[in-house]
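One line per chain: the protein sequences are C and D, in this order.
34 is the number of the first residue of the first sequence in this note's numbering; add one for each residue after it.
34 is the number of the first residue of the second sequence in this note's numbering; add one for each residue after it.
We treat Cβ as the ideally placed atom computed from N, Cα and C, and that holds for glycine.
Protein chains: 2
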Amino acid sequence: MTADLKMTRAARRILDTASELFYRRGITPVGVDLIASEAGVTKKTIYDRFGSKDNLIMAYLRERDDRWRALVERHIAAAPDARAAVVAVFDSLATWRRDGADRGCAMVNARAELSAPGHPSRALAADQKQWLLARFADLLAAAGIPHARGKAVELLLLHEGALVMADVGQVDDAVDRAREAARRIVA
Amino acid sequence: MTADLKMTRAARRILDTASELFYRRGITPVGVDLIASEAGVTKKTIYDRFGSKDNLIMAYLRERDDRWRALVERHIAAAPDARAAVVAVFDSLATWRRDGADRGCAMVNARAELSAPGHPSRALAADQKQWLLARFADLLAAAGIPHARGKAVELLLLHEGALVMADVGQVDDAVDRAREAARRIVA
DNA sequence: CATTAGCCATACCGGTCGGTATACTTCAAG
DNA sequence: CTTGAAGTATACCGACCGGTATGGCTAATG
């Protein structure tokens with residue numbers, strides 16, 4: 034399924050540039066020509082490496098997803114126990130936002146732009162959210178907390194709600210409040 | 034600021050058609066020509082009534098926002114007391130989704146597509162979320178619940194998280210779980 | 001009864017879109 | 001020493017974008 038791209042130096046630069054532009058300005062309004070000029074690369078090089086804009090979009094979403102999951106796992110691993118790990122996920126959210134994710138969730142945004150029903154980004158987005166949901170449920174179960182699945186959904190809603198409302202709703206303490214609510218759920 | 038549009042029969046049809054298309058397929062990929070042909074109208078009529086695509090977009094967002102706020106207020110008014118009213122907001126969310134809002138929040142989606150920093154849709158989106166936040170805070174205060182503002186943020190996160198995760202995350206019980214969490218918050 | 005607002009039909013505008021074609025250079029590896 | 005992959009530069013393609021122009025028809029209104 035996933036075309037294994039050879040990550041040449043130019044390809045790396047292209048993906049970095051595209052990722053930044055896609056996240057900041059949106060996918061549709063960012064043209065291939067713009068990416069090329071911003072990356073200091075010819076349009077042909079983009080198509081030699083990635084084949085199509087859609088492939089580039091998917092590479093952007095996949096890589097961003099990988100980076101985010103790794104960040105979450107790092108925060109979970111650093112927590113002393115399962116209860117603390119649940120809260121730590123919200124610390125990772127604060128870090129994620131501080132490190133540039135101030136325009137909401139890339140998956141949610143992509144979903145809004147790529148409306149074609151069969152677009153592969155839909156499956157990736159659903160997979161990411163289901164992954165976090167399962168991660169929450171596992172941690173709650175490991176902590177011996179009852180109704181793990183139901184509370185996991187609550188945590189997911191708080192997490193995603195905080196990410197989007199910090200931007201769209203301009204609620205500056207959204208992440209803090211979400212973390213506090215999470216702390217109460219695992220208490 | 035808001036151009037008072039004369040809602041002729043054609044204008045009504047245009048706005049209805051555009052609203053449906055914008056919400057289902059997204060704003061950018063839906064062209065003015067498509068709206069015209071789907072509404073059985075000439076492109077010129079669209080520009081005679083609305084002036085620009087941007088004005089049409091704003092009319093779409095504003096009207097949708099009005100409908101939604103009215104729905105929420107109706108549910109609040111029907112509740113026996115302030116505590117029940119908070120929960121009733123989540124009932125209105127279930128109704129809203131059942132009546133067609135199965136592609137997340139139009140404001141959040143618009144935010145993802147219209148990245149221009151000064152676009153008026155940003156202000157409208159922020160206003161909508163701040164309105165719901167204030168509505169929650171007022172109800173909590175009226176019910177004599179302490180820490181009204183903090184809990185209001187929690188409710189907002191649950192609400193928005195549920196709306197987006199029911200779609201993107203394919204969490205089918207998102208709204209139910211959010212309502213249950215709300216019930217616990219006001220208990 | 002003339003005027004005008006509302007609408008339709010068609011054609012057009014410059015600009016941008018994703019994607020392709022051709023030809024030349026650079027450089028590392030067999 | 002040659003070959004091939006990676007890259008540059010430029011020009012081009014058809015399609016579509018938001019928006020405009022011209023002109024004619026209809027119906028309600030002063």
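Proximity of chain D to Met198 of chain C at the Cβ level (cut-off 7 Å) is accounted for by Lys162, Leu189, Leu190, Glu193, in chain order.
Neighbours of Arg102 of chain C in chain D, taken as residues at a C-beta separation under 9 Å, are lacking, since the least C-beta distance is about 15 Å.
Under the three-pair Cβ rule at 8 Å, the stretch 179-193 of chain C does not count as touching the stretch 85-101 of chain C.
Contact residues of the stretch 131-145 of chain D toward chain C are Arg136, Gly137, Cys138, Met140, Val141, Asn142, Ala143, Arg144, Ala145 (C-beta to C-beta distance below 9 Å). DSSP places Lys86 of chain D within a helical segment (H, G or I) once states are collapsed to three.
Listed along chain C, the residues sitting closer than 7 Å to Asp206 of chain D by beta-carbon distance are Val186. Look at Leu165 of chain C here: in three-state DSSP terms it is helix.
At a cut-off of 7 Å between beta carbons, Ser148 of chain D contacts chain C. Here the stretch 144-159 of chain D lies against the stretch 131-148 of chain C, with 3 or more beta-carbon pairs under 8 Å apart. Leu191 of chain C is not a Cβ neighbour of Ala220 of chain C, given a cutoff of 7 Å. Considering only C:Val74, C:Arg82, C:Ile178, the residue with the shortest C-alpha distance to Ala117 of chain C is C:Ile178. Secondary structure within the stretch 34-60 of chain C: not one fully enclosed beta strand (DSSP E) run of 3 or more consecutive residues is present.
A check of alpha carbon separations from Tyr56 of chain D across D:Gln161, D:Val186, D:Val141 identifies D:Val141 as the nearest.
Listed by position along chain D, the residues whose Cβ is nearer than 9 Å to that of Leu166 of chain C are Met198, Gly202, Val204. The C-beta distance from Arg102 of chain C to Trp164 of chain C rounds to 7 Å, short enough to meet the 8 Å contact threshold. Look at Ala112 of chain C here: in three-state DSSP terms it is coil, with no helix or strand label.
About 5 Å separates the CB atoms of Ser125 of chain C and Leu104 of chain C; that is less than 8 Å, so the two are in contact. In this structure Ile79 of chain C is in contact with Ala69 of chain C, their Cβ atoms being roughly 6 Å apart against a cut-off of 8 Å.
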